[in-house]
Amino acid sequence: MSVAISALQRSLGVHRVLEPVGVLPQAAQRLDADPAIGPDEVRIAVHRLNLDAASYRQLSEEHDGDGDRIRAAVLGIVERRGKMHNPVTGSGGMLIGVVDEVGPDSPLGLEPGQRVASLVSLTLTPLRLTDGLTRWDGRSEQVPTAGTAVLFARSIAAVLPDDLPQEVALAVLDVCGAPAATERVVHRAGRRPSVAVLGAAGKSGCLSLAAARDARAGRLVGVVRNDREAEALRAAALADDVVVADATDPLAVAAAVGTPVDVTVVCVDVPGAEHGAVLATADGGTVVFFSMATSFPAAALGAEGMAADVTMLVGNGYTPGHAALALDLYRRSRGVRALIEPRVRA
Ligand code: NAP
363 MSVAISALQR
373 SLGVHRVLEP
383 VGVLPQAAQR
393 LDADPAIGPD
403 EVRIAVHRLN
413 LDAASYRQLS
423 EEHDGDGDRI
433 RAAVLGIVER
443 RGKMHNPVTG
453 SGGMLIGVVD
463 EVGPDSPLGL
473 EPGQRVASLV
483 SLTLTPLRLT
493 DGLTRWDGRS
503 EQVPTAGTAV
513 LFARSIAAVL
523 PDDLPQEVAL
533 AVLDVCGAPA
543 ATERVVHRAG
553 RRPSVAVLGA
563 AGKSGCLSLA
573 AARDARAGRL
583 VGVVRNDREA
593 EALRAAALAD
603 DVVVADATDP
613 LAVAAAVGTP
623 VDVTVVCVDV
633 PGAEHGAVLA
643 TADGGTVVFF
653 SMATSFPAAA
663 LGAEGMAADV
673 TMLVGNGYTP
683 GHAALALDLY
693 RRSRGVRALI
703 EPRVRA
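As numbered in this note's numbering, residues 363 to 708 make up the sequence shown, in order.
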């Protein structure tokens, strides 16, 4: 029996959900990734995926860093689910490609031939891969590939800039929600709040530091995991204090940060950073959990258990203007470029 789909449901992609019927695509087990598009959809010829850092780390650890097994796992997920939605981490990533066909009723304003990045998660994007991932060695987050993806009426996409290599634009756009969220929280916190970033030498971490500086934050603390990252972050000159601590060790994080800060931004790609972030944050302060490896029960119950009066925000991947803000920070900040470029393997 077919179920009538409303205009709102269609714009959100509910008509593409195979299982369980009626949920939104992000919550679905399986999507219909048929490349034939409806009148309000857009088909993208996919060139490259950027797997979410937490997802790639989980796959890599599960398969002992073996590129062939990681590749087979990604292929298996996409074939089974019709989308790249890691069942363990629940996270996806994003893609770039060329607009192939635009339905006559699509409101996205895209035109065939444009090079674009999807700014909605791979966890809700119908995806079909046609090359067996033969050009990917399985050893990096960026996946050169071929196939098709479908954007809905409510999806968002950005036309890729001409002045940056596509691998760089993809990496920056994947995490563009982090600097946008940081900027907003720093502005709202009022007079020059102090800010700590966990995972500060990573992609989202260094962009968040740069955004906090631009938003006129006070003391900026970058928390990194070892001396090598500390040296790189000091050379990038994005933080006032660079400290080394394992983000999963709450007491070590609190000791390293010292005087609790007004805002903490969690940008690591490993589980277990919730309690350290809460402990490093002053009463009345805010923690932004951008990491997809965050356990929200651990954050909420941990804060309660520590009697910590902190506001905790889920790092929303979407804030108006987030793509332009992140690309602009990348272009303007030599330190951000120095930290991100080595992480982007062509
Ligand atoms: P990234 O570039 O890999 O950066 C992560 C950083 O955390 C790296 O510098 C890493 O160090 C560091 N780190 C790992 N374990 C640590 C530990 N125990 N202690 C201290 N530092 C540690 O990752 P990214 O691309 O910025 O992504 C960061 C997070 O954002 C991921 O969890 C990802 O899922 C999430 N994300 C969220 C959204 C959203 O919409 N909310 C969108 C995209 C990504 P090493 O490099 O030495 O391992």
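The beta-carbon is built from N, C-alpha and C at its ideal position, and this holds for glycine as well.
Quick check: does the Cβ of residue i come within less than 8 Å of any heavy atom belonging to the ligand NAP?
{"i": "L641", "result": "no"}
{"i": "A598", "result": "no"}
{"i": "G709", "result": "Nothing about residue 709 can be read from this structure; the chain reaches only from 363 to 708."}
{"i": "T487", "result": "no"}
{"i": "A563", "result": "yes"}
{"i": "D631", "result": "yes"}
{"i": "E441", "result": "no"}
{"i": "G455", "result": "yes"}
{"i": "F658", "result": "no"}
{"i": "M674", "result": "no"}
{"i": "M654", "result": "yes"}
{"i": "S502", "result": "no"}
{"i": "G552", "result": "no"}
{"i": "A519", "result": "no"}
{"i": "D721", "result": "As shown, the chain starts at 363 and ends at 708. That puts residue 721 outside it, with no answer to give."}
{"i": "S566", "result": "yes"}
{"i": "V586", "result": "yes"}
{"i": "V619", "result": "no"}
{"i": "A609", "result": "yes"}
Assuming residue i and residue j form a contact by the criterion Cβ under 8 Å, report the distance between their Cβ atoms to the nearest whole angstrom.
{"i": "A416", "j": "D631", "result": "5 Å"}
{"i": "I458", "j": "L532", "result": "5 Å"}
{"i": "G444", "j": "A395", "result": "4 Å"}
{"i": "V672", "j": "F652", "result": "Not a contact, Cβ separation roughly 16 Å."}
{"i": "N678", "j": "A543", "result": "7 Å"}
{"i": "A558", "j": "V534", "result": "That belief does not hold up - the Cβ atoms of A558 and V534 are roughly 22 Å apart, past 8 Å."}
{"i": "V512", "j": "I399", "result": "6 Å"}
{"i": "V625", "j": "V548", "result": "6 Å"}
{"i": "L701", "j": "A594", "result": "6 Å"}
{"i": "V623", "j": "V605", "result": "That pair is no contact at about 12 Å."}
{"i": "S566", "j": "V537", "result": "4 Å"}
{"i": "L472", "j": "V404", "result": "6 Å"}
{"i": "V408", "j": "T510", "result": "6 Å"}
For residue i, which beta-bridge partners are listed by DSSP?
{"i": "T643", "result": "V623"}
{"i": "V460", "result": "A407 and R477"}
{"i": "G567", "result": "For G567, which the question treats as bridged, DSSP gives no partner whatsoever."}
{"i": "M674", "result": "V649"}
{"i": "G584", "result": "V559 and V604"}
{"i": "V628", "result": "L560 and F651"}
{"i": "R516", "result": "Note: R516 sits in no beta bridge, so no partner."}
{"i": "L393", "result": "V379"}
With residue i as the anchor, note down where its alpha helix (DSSP H) starts and where it stops.
{"i": "G429", "result": "G429 to R443"}
{"i": "H409", "result": "From DSSP, H409 is part of no alpha helix (DSSP H) but of the beta strand (DSSP E) over V404 to L413."}
{"i": "P659", "result": "F658 to G667"}
{"i": "P541", "result": "G539 to R550"}
{"i": "A598", "result": "D589 to A598"}
{"i": "A529", "result": "Looking at the sequence shown, residue 529 is not Ala but Glu. Counting along the chain, the alpha helix (DSSP H) containing E529 begins and ends at Q528 to D536."}
{"i": "V521", "result": "Not the alpha helix (DSSP H): V521 falls in the beta strand (DSSP E), residues A519 to V521."}
{"i": "V450", "result": "That residue, V450, is in no alpha helix (DSSP H); it is neither H nor E in DSSP."}
{"i": "V379", "result": "Where V379 is concerned, there is no enclosing alpha helix (DSSP H), although the beta strand (DSSP E) it sits in stretches over V379 to E381."}
{"i": "I702", "result": "R696 to I702"}
{"i": "Q371", "result": "A369 to L374"}
Which residue comes first and which comes last in the beta strand (DSSP E) that contains residue i?
{"i": "S713", "result": "Residue 713 is absent from the model: the chain starts at 363 and stops at 708."}
{"i": "L491", "result": "L489 to L491"}
{"i": "V604", "result": "D603 to V606"}
{"i": "G509", "result": "Q504 to L513"}
So, is the C-beta of residue i closer than 9 Å to a C-beta in chain C?
{"i": "V623", "result": "Of the protein chains in the structure, only one exists, and it is not chain C."}
key: Inter-stretch contact at 8 Å, needing at least 3 Cβ pairs: the stretch 429-442 / the stretch 639-654   = no
inquiry  = Taking 8 Å as the cut-off, does the stretch 454-472 touch the stretch 663-672 (at least 3 CB pairs, one atom from each stretch)?
reply    = no
ask   = Can you find at least 3 beta carbon pairs, one from the stretch 421-431 and one from the stretch 481-491, that sit closer than 8 Å?
value = At 8 Å Cβ cutoff, the stretches do not touch.
inquiry  = I want to know whether the stretch 558-573 touches the stretch 690-702 - three or more CB-CB distances under 8 Å.
reply    = yes
message = Between the stretch 517-529 and the stretch 544-560, can you find at least three pairs of beta-carbon atoms closer than 8 Å?
response = no
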